[in-house]
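Peer 1: Below: one structure in structure tokens.
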Amino acid sequence: MRVVAPLNGAVAGAESGENAILTNSTSNQTYQVYQIPTNATETVSSYGGTLALSYYIGKGLSATANYTLAILDTTGLTDPIVPGFNTPKHKFNVGLTGRNVWKGLGFSSNFKWVDGFYWQSSFGDGAVPSYYLLDAQLNYEVKQWKSIFRIGGSNLLNNVHREAYGAPLIGTMGYLSWTLDLKRTRS
């Protein structure tokens with residue numbers, strides 16, 4: 000539940016108190032919005048599921064795919080709560096991974112699509128548009144050094160997007176890493 004209170008002045012006159020505060024009328028130049036966590040008085044239902052498939056192709060290659068459905072059912076609710084479900088209805092991923100496919104080289108790639116959804120929070124409410132991402136990585140294992148070197152990136156198509164209302168825009172990110180595993184035994 001959201002509560003709005005004036006910081007000075009009085010809320011009165013021809014306007015309702017809520018309208019005077021929210022329209023910043025001359026009787027009230029400033030106000031504070033408070034978010035008070037409350038439970039709904041009515042039953043709120045959500046449902047969904049995930050379907051995932053993995054297929055081992057052979058020689059270190061595997062393919063994966065998954066789909067997620069998430070639904071908040073507000074049909075018939077009269078309670079003025081802010082559900083704040085903040086979850087897209089549809090999401091899917093498809094990927095391909097190769098482990099040591101040629102002389103210590105490997106790779107992984109993943110394409111992700113997220114349906115647009117409506118974000119509700121104490122910060123603000125608004126639409127989060129649909130977005131897609133392509134992530135990829137190359138790795139090279141050096142067994143005698145007990146090491147794996149990686150180079151990769153997320154959002155390689157530079158689909159600048161937001162994942163939450165009011166959040167900063169997200170672009171491409173690249174990385175380099177060196178993993179040293181001192182417990183690794185030679186095989």
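Quick note on numbering: numbering that gives the first Met the number 0 labels position 31 of the sequence shown as 30, and the sequence is numbered without any gaps. Every residue gets a Cβ at the ideal spot worked out from N, C-alpha and C, and that includes glycine. Just so it is clear, the structure is predicted and the values come from calculations on it, not from any experiment.
From this set, 123, 114, 111 and 103, which residue's C-alpha is nearest residue 149's C-alpha?
Peer 2: Nearest option by C-alpha distance: 103.
Peer 1: Can you give, in chain order, each stretch of the beta strand (DSSP E) that sits fully within the region 83-169 and has at least 3 residues?
Peer 2: The region 83-169 contains these whole beta strand (DSSP E) runs: 89-101, 104-113, 116-119, 124-127, 130-141 and 146-153.
Peer 1: On the DSSP bridge assignment, give the partners of residue 187 in chain order.
Peer 2: There is simply no residue 187 to check, as the chain begins at 0 and stops at 186 in what is shown.
Peer 1: Using 8 angstroms as the cut-off, can you tell me whether the region 35-45 makes contact with the region 70-84, which would need three or more C-beta pairs spanning the two stretches below that distance?
Peer 2: Yes, the region 35-45 is in contact with the region 70-84.
Peer 1: For the 8 angstroms Cβ check, are there 3 or more pairs between the region 154-168 and the region 137-146?
Peer 2: No, the region 154-168 does not touch the region 137-146.
Peer 1: How do the region 104-112 and the region 70-82 stand: do at least 3 beta-carbon pairs fall below 8 angstroms, yes or no?
Peer 2: Judged by Cβ distances under 8 angstroms, the region 104-112 makes no contact with the region 70-82, as fewer than three pairs qualify.
Peer 1: Ignore the nearest five residues each way along the sequence and tell me which others in residue 153's own chain have a CB closer than 6 angstroms to its CB.
Peer 2: Contacts found: 134 and 172.
Peer 1: Could you give the C-beta distance for residue 132 and residue 151, rounded to a whole number, given that I count them as a contact under 8 angstroms?
Peer 2: Not confirmed; about 13 angstroms, so no contact.
Peer 1: Let's test the definition: count the other Cβ atoms within 10 Å of the Cβ of residue 118 and tell me whether it reaches 16, buried, or not, exposed.
Peer 2: When all chains shown are included, residue 118 counts as buried.
Peer 1: If we count the other Cβ atoms within 10 Å of its Cβ and call it buried at 16 or more, is residue 116 buried or exposed?
Peer 2: Classification for residue 116: buried.
Peer 1: Hey, residue 99 and residue 57: beta-carbon distance below 8 angstroms or not?
Peer 2: No. Outside cutoff.
Peer 1: Look at the Cβ atom of residue 88, then the Cβ atom of residue 69, and state whether they are nearer than 8 angstroms.
Peer 2: Yes. Within cutoff.
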